[in-house]
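*Asks:* Counting in the working numbering, the sequence shown tops out at residue 219, every number present.
For glycine and all other residues, C-beta sits at the position ideal for the given N, C-alpha and C.
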Amino acid sequence: MRLTHLGHACLLVETADERILIDPGGFTPAFEDLRDLSAVVVTHQHPDHLDQRRVPILMHHNPDARLLADPGSLEVLSGLGLEAEVGGEATPVGAVTITPVGEVHALIHDDIPRIPNVGVVLRADGEPSLFHPGDSLDGVPGSVDVVAFPLNAPWQRSREMTGFLRRLSPRFAVPIHDGLLNPTGRDLYLGQAAQLGGADTEIRDLATRGAVEFASH
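1. In the DSSP assignment, find the beta strand (DSSP E) that holds E85 and state where it starts and stops.
2. Between which two residues does the alpha helix (DSSP H) carrying E162 extend?
3. Identify which residue in T45, T99, S40 and T203 has its Cα closest to the Cα of A11.
4. Tell me which residue opens and which closes the alpha helix (DSSP H) that H224 is part of.
5. Tell me I114's beta-bridge partners as DSSP assigns them.
6. Can you look up L36 in the DSSP assignment and give me helix, strand or coil?
7. Quick check on E129: does DSSP put it in helix, strand or coil?
8. In angstroms, rounded to a whole number, what distance separates the CA positions of L1 and A196?
9. Find out if the Cβ-Cβ distance for the pair V103, V142 is shorter than 9 angstroms.
10. Need the endpoints of the alpha helix (DSSP H) that R68 sits in, please.
11. Could you pull the start and end residues of the alpha helix (DSSP H) that P58 belongs to?
12. Starting from L13, trace the beta strand (DSSP E) both ways and give me its first and last residue.
13. Could you tell me how far apart the beta carbons of S131 and V146 are, in whole angstroms, since I believe they sit closer than 8 angstroms?
14. With A223 and V88 assumed to form a contact (beta carbons below 8 angstroms), what rounded beta-carbon distance in angstroms separates them?
15. Measuring CB to CB, does V149 end up less than 9 angstroms from F133?
16. Within 10 Å of its beta-carbon, does D66 have 16 or more other beta-carbons around it, so buried, or fewer, so exposed?
17. Under 9 angstroms, do G212 and D50 count as touching if we go by C-beta distance?
18. Considering Cα atoms alone, identify which of M3, P152 and E77 is closest to T2.
19. Tell me the rounded alpha-carbon separation between G200 and R168.
20. Residue range of the beta strand (DSSP E) that G9 falls in?
21. Compute the distance between the beta-carbons of I117 and A41, then report whether it is under 9 angstroms.
If you want it as structure tokens, here you go:
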């Protein structure tokens with residue numbers, strides 16, 4: 003499996019001969035230039051995860067890609083002229099199975115209504131498994147090899163981030179959701195993840211590194 007962190011919450015996952023893009027949002031540059039995608043996954047409708055201007059461009063250039071979304075994003079995508087589907091318990095994309103995890107976005111504030119948020123686990127025979135939680139830390143993905151974890155968010159305290167890593171205890175953890183951080187703040191949160199996120203987890207920062215290979219056991 004190869005992972006490319008394109009910016010903020012957006013990951014390009016290349017596994018089992020499929021190319022799957024997760025959360026193409028407004029904080030991520032140039033994702034609309036991608037081609038030969040098998041699927042595009044949207045965990046929820048917030049603009050940093052779903053760029054309403056550029057996702058139609060992306061789908062135009064990837065006409066064979068499936069568009070999978072949480073229930074709350076279906077109306078948004080339909081209004082953009084896009085036909086999306088809500089993944090069931092296990093949605094096959096070639097040899098990859100995409101399984102939904104969770105239902106609701108983390109609480110931002112009592113005065114802000116909570117919206118649907120559906121994280122995803124990607125699994126394929128002979129490949130590492132990946133969990134992308136979207137904007138929630140309460141999902142239960144089961145045993146996974148790689149977790150994409152939000153580094154910083156208005157809805158998240160740092161101790162919740164490190165507790166999330168300790169609870170899941172993956173082999174590898176990849177920081178995402180970092181678009182609000184300057185370099186100093188990013189280094190601080192990365193240090194906390196490495197020191198407090200669990201002794202059995204290796205933090206792999208993919209920012210600016212291009213495609214990075216992850217091997218199965």
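*Replies:* This is what the structure gives:
1. Counted from its first residue, the sequence shown places residue 85 at position 83. Element bounds for E85: n/a, residue is neither H nor E.
2. One-based indexing of the sequence shown puts residue 162 at position 160. Segment S160 to L170, the alpha helix (DSSP H) holding E162.
3. For this step, residue 11 is matched to residue 9 along the sequence shown. Of T45, T99, S40 and T203, the residue nearest in Cα terms is T45.
4. This structure gives no information on residue 224, because the portion of the chain shown stretches from 3 to 219.
5. Counted from its first residue, the sequence shown places residue 114 at position 112. I114 is not bridged to any residue.
6. Reading the sequence shown from its first residue, position 34 is the one you call residue 36. Looking at L36 - three-state DSSP - the assignment turns out to be coil, as it is neither helix nor strand.
7. Indexing the sequence shown from 1 puts residue 129 at position 127. Coil, per DSSP.
8. Look at the range of the chain in this structure, 3 to 219, and you will see that residue 1 is not part of it.
9. As a first step, residue 103 must be located in the sequence shown, where it is residue number 101. As a first step, residue 142 must be located in the sequence shown, where it is residue number 140. Result yes, Cβ atoms of V103 and V142 sit closer than 9 angstroms.
10. Numbered from its first residue, the sequence shown carries residue 68 at position 66. Not the alpha helix (DSSP H): R68 falls in the beta strand (DSSP E), residues R68 to A71.
11. Taking the sequence shown and counting its residues from 1, one reaches residue 58 at position 56. Here the alpha helix (DSSP H) through P58 covers V57 to H63.
12. On the sequence shown, position 11 is the one that residue 13 refers to. L13 -> beta strand (DSSP E) spans C12 to T17.
13. Stepping through the sequence shown from its first residue, residue 131 is reached at position 129. Stepping through the sequence shown from its first residue, residue 146 is reached at position 144. Right, the Cβ-Cβ distance comes to about 5 angstroms (below 8 angstroms), so this counts as a contact.
14. One cannot answer for residue 223 here, as it falls past the ends of the chain, which runs 3 to 219.
15. Counted from its first residue, the sequence shown places residue 149 at position 147. Counted from its first residue, the sequence shown places residue 133 at position 131. Yes. Within cutoff.
16. Here residue 66 refers to the residue found at position 64 of the sequence shown. Under this definition D66 is an exposed residue.
17. For the purposes of this step, residue 212 is taken as residue 210 along the sequence shown, with counting starting at 1. For the purposes of this step, residue 50 is taken as residue 48 along the sequence shown, with counting starting at 1. The answer is no: Cβ separation not under 9 angstroms.
18. Residue 2 lies beyond the range of the chain shown here (3 to 219); nothing can be said about it.
19. Within the sequence shown, numbered from 1, the residue matching residue 200 stands at position 198. Within the sequence shown, numbered from 1, the residue matching residue 168 stands at position 166. Whole-angstrom Cα-Cα distance: 5 angstroms.
20. Position 7 of the sequence shown, counted from the start, is the residue given in the question as residue 9. Per DSSP, G9 belongs to the beta strand (DSSP E) from R4 to G9.
21. Along the sequence shown, read from residue 1 onward, the residue named residue 117 stands at position 115. Along the sequence shown, read from residue 1 onward, the residue named residue 41 stands at position 39. No.
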